[in-house]
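First to last, the sequence lines map onto chains A and B. Heads up: the first sequence runs through residues 316 to 644, numbered per my numbering. Heads up: the second sequence runs through residues 316 to 644, numbered per my numbering. Even glycine gets a Cβ: it sits at the ideal position worked out from N, Cα and C.
There are 2 protein chains.
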Amino acid sequence: MTRIALLGFGSVGQGIARAILEKGLGITVTGLADSRSGVIDASGIDLSAALDRKERGEPCGNLDISSMDVVEEAEYDILVEVTPTDVETAEPALGHIRGALQRGRHVVTSNKGPIALDYPGLQALAEECGVFLRYEATVCGAIPLIRAMQEGLAGNTITRICGVFNGTCNYILTRMAAEGLTYEQALAEARDLGYAEADPTYDVEGIDAAIKLVILADTVLGMRVTLDDVERTGITLLSPEALQLAEDQDCTIRLIGEIVPGAGVLQVSPRIVAKTHPLVVEGTLNAVTVETDLAGDLTFIGKGAGSTETASAVIGDILYIQSRHVQSS
Amino acid sequence: MTRIALLGFGSVGQGIARAILEKGLGITVTGLADSRSGVIDASGIDLSAALDRKERGEPCGNLDISSMDVVEEAEYDILVEVTPTDVETAEPALGHIRGALQRGRHVVTSNKGPIALDYPGLQALAEECGVFLRYEATVCGAIPLIRAMQEGLAGNTITRICGVFNGTCNYILTRMAAEGLTYEQALAEARDLGYAEADPTYDVEGIDAAIKLVILADTVLGMRVTLDDVERTGITLLSPEALQLAEDQDCTIRLIGEIVPGAGVLQVSPRIVAKTHPLVVEGTLNAVTVETDLAGDLTFIGKGAGSTETASAVIGDILYIQSRHVQSS
């Protein structure tokens, strides 16, 4: 049985808990925390009861137990860090992850902050402590993209990564093109459907997409870049007329993130793309094309966000460590 | 250094040799065979010289050394079996693979025959002997599809696999739709470009696609099926008029392979598909959509055949074993 400590009990954390409840998967949760409370129970936490408490708007655990208490005191093999991303400081996730690695525990995270801010440091710490640090869920949710590049395409040189990395922007652009909506109208619709935050800056200014480029550059391409290195334009100034002009040429507009390691290109910007292009996906989907020397171009399309979708990537990472762990012990 | 024995020195085998020559990758070739000859050299075979001999139309090695001699006598960690597929008997690849597994050697293959015909037996033998059997290259060439389903999507239940599995048919259908060619004209063009064999039956009757469904069903979905279980219709009877009718509705026709494990569906047939559908890819590309319970729908697009593309998948498998091997030793 693999014991995990689960930090973060919002949409993603609850998705993970539900998947474990339904499927078992050889996983037991011995530590759990939300932003207000925590539970530590070496014999396995009752996830149904914890989900019920959240459902009623209560904290998931004991107000005297903090997430850092869980990191330091719970008995677990893998820390699963799925708290919300803070782009500036990466905290409290960064502290959680460092604490777990220093205790010699594996870490799986969906939190973009720590990986974008200090992947080299965290990876070095993980190696020093002989444990795994996995972060598939940080880029493109359900799509097993990082694993495909690091393992499936091992042996290839990746010459370019190009894609639609933000589902919120893609939804807004899809709706503007399909219905002739203004940016504001499409944004309002996205908010109503829960696809956009009250403050949408992070998505619509291309920050989220840029962070994903930083993560891919640092973790897969061996570059050393920060958010400041990404040339970035959002979608807030796009007009229905611009989309109509694209439409007239059988094209549309998508917010495209691009990395060309050989040329130092790191860019997020709205681009005119032929409608038949594989990156032109609808709604909140993500799509990424990877250019390689041996395998040619590969395109991956799937859901980039969502509770069960992100849980899928996190669980894939947990099971990856589980399988290695079992084989090496 | 990982030592491999390479059986099959046609397009794929030469692609692998070239990649090793150019990239190193920590791989040395200690055994090599084509259909007529073989070389065994524990200190590492000169791949440049072997490629030159093939270039001149000569056998790659010594006529007194057979591929089975290489399997049984060479010193290697991994047998790389990339001889041509025989759908009926799977030989000589089946014997090569069994021989290597029985010697306690890992096996990587691009040969569909043995995996489609006897995956359960070979996998059991590999487990008994404590070695890996890897076959990513057998389905969709460069796309790391099997690995994505077995590992990236671990924890998911796969409810449906649906895709364009044969590049030759896709090329023919693309050309019929784009230029109004007849089936015979498009086939002749595909032959000229090397996309179709002199006898195209294997591709155009859907046999190749059906074999890939059998491999996915047996290896990823835990089914136990054979080629006879696949309901199969090829593309030979399609007329330009049928494609035009589809075109009139903003649709086109693709040869689609589909597995629905819960309903026992295993089917290859030409289907009318909306042009905006992610499976509508152009030319010789492959595209596969995987439906899952947690991750939703994921689509993978890439080159399904070709020398370096198939080599990419084979090398990915070699490096997978290399990384596990190194870590456990």
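Residue i burial status per 10 Å Cβ neighbour count (16 or more: buried)
i: MET491/B; result: buried
i: THR489/A; result: buried
i: ASP514/A; result: exposed
i: ASP563/A; result: exposed
i: SER382/B; result: buried
i: ALA280/B; result: There is no way to answer for residue 280/B, as the model of chain B reaches only from 316 to 644.
i: THR591/B; result: exposed
i: THR398/B; result: buried
i: GLU512/A; result: exposed
i: ALA505/B; result: buried
Cut-off 6 Å between Cβ atoms - residues of its own chain near residue i, not counting five sequence neighbours on either side
i: VAL575/A; result: ARG475
i: ARG368/B; result: CYS375
i: THR424/A; result: GLU396 and TYR450
i: THR551/A; result: VAL519
i: ALA561/A; result: THR567, ILE568 and ILE587
i: PHE615/A; result: ILE458, LEU460 and VAL603
i: ILE430/A; result: TYR450, THR453 and ILE530
i: ALA620/B; result: GLY456 and GLY482
i: GLN642/A; result: Legend: pLDDT at GLN642/A = 40, less than 50; position of this residue unreliable, no value from coordinates given.
i: GLY410/B; result: none
i: GLY359/A; result: THR343
Presumed contact (8 Å Cβ cut-off) between residue i and residue j, rounded CB distance
i: ALA626/A; j: ALA334/A; result: 5 Å
i: LYS427/A; j: ILE522/A; result: The pair is not a contact, with the Cβ atoms about 10 Å apart (cut-off 8 Å).
i: GLY353/A; j: ILE331/A; result: With 8 Å as the limit, GLY353/A and ILE331/A do not qualify as a contact, their Cβ atoms being about 16 Å apart.
i: GLN329/A; j: SER554/A; result: Incorrect: roughly 39 Å between the Cβ atoms, too far for contact.
i: THR295/B; j: LEU468/B; result: What the structure shows of chain B is the stretch from 316 to 644, and residue 295/B is not part of that stretch, so it cannot be assessed.
i: ALA452/B; j: VAL385/B; result: Not quite, the Cβ-Cβ distance comes to about 19 Å (not below 8 Å), so this is no contact.
CB contact flag (residue i, residue j, <8 Å)
i: PRO459/A; j: ALA463/B; result: yes
i: GLU396/B; j: ALA408/B; result: yes
i: THR345/B; j: ARG318/B; result: yes
i: VAL299/B; j: THR548/B; result: Past the boundaries of the shown model lies residue 299/B; chain B is included only from 316 to 644, so the question cannot be answered.
i: GLU624/A; j: GLY456/A; result: yes
i: ALA602/A; j: VAL479/A; result: yes
i: ALA610/B; j: GLY617/A; result: yes
i: GLY470/A; j: LEU634/B; result: yes
i: LEU378/A; j: ARG351/A; result: yes
Residue of the options minimising C-alpha distance to residue i
i: GLU546/A; options: ALA524/A, GLY346/A and ILE473/A; result: ALA524/A
i: ASP632/A; options: ARG351/A, ILE393/A, GLY414/A and GLN559/A; result: ILE393/A
i: LEU496/B; options: TYR450/B, GLN559/B, ALA532/B and ASN471/B; result: GLN559/B
i: CYS566/A; options: ALA452/A, TYR498/A, ILE587/A and LEU362/A; result: ILE587/A
i: TYR486/B; options: GLY478/B, LEU508/B and LEU468/B; result: LEU508/B
i: LEU531/A; options: GLU512/A, LEU570/A and VAL605/A; result: VAL605/A
i: GLU388/B; options: GLU504/B, ALA441/B and GLY419/B; result: GLY419/B
i: ASP543/B; options: GLU337/B, THR343/B and LEU432/B; result: LEU432/B
i: ALA357/B; options: ARG351/B, HIS411/B, ALA578/B and ILE342/B; result: ILE342/B
i: VAL596/B; options: LEU502/B, ILE636/B and ILE571/B; result: ILE571/B
i: PRO435/B; options: LEU536/B, ILE630/B, GLY579/B and ASP349/B; result: LEU536/B
i: ARG413/B; options: GLN465/B, LEU448/B, THR472/B and ASP361/B; result: LEU448/B
i: GLN417/A; options: PRO399/A, GLU403/A, VAL629/A and GLU442/A; result: GLU442/A
i: LYS338/B; options: THR541/A, THR472/A and ASP349/A; result: THR472/A
i: PRO585/A; options: SER326/A, VAL327/A and CYS477/A; result: CYS477/A
i: GLU403/A; options: TYR517/A, GLU494/A, GLU499/A and HIS411/A; result: TYR517/A
i: GLY577/A; options: MET538/A, VAL422/A and ASP349/A; result: MET538/A
Cut-off 8 Å between Cβ atoms - residues of its own chain near residue i, not counting five sequence neighbours on either side
i: SER638/B; result: none
i: ALA365/A; result: PHE324, ALA332, LEU347, VAL354, CYS375 and GLY376
i: TYR510/B; result: GLY482, THR483, TYR486 and THR599
i: VAL327/A; result: VAL397, SER425, ALA452, SER622, THR625, ALA626 and VAL629
i: LEU502/A; result: ILE487, ALA511, PRO515 and VAL519
Cβ neighbours of residue i in the same chain (closer than 7 Å, five flanking residues each side left out)
i: ASP401/A; result: GLY428
i: TYR391/B; result: ARG318, ILE319, ALA320, THR345, GLY346 and ARG420
i: LEU362/A; result: ALA332, ILE335, LEU336 and VAL344
i: THR541/A; result: VAL529
i: GLN465/B; result: VAL535
i: MET316/A; result: GLY341 and THR343
i: GLN500/A; result: none
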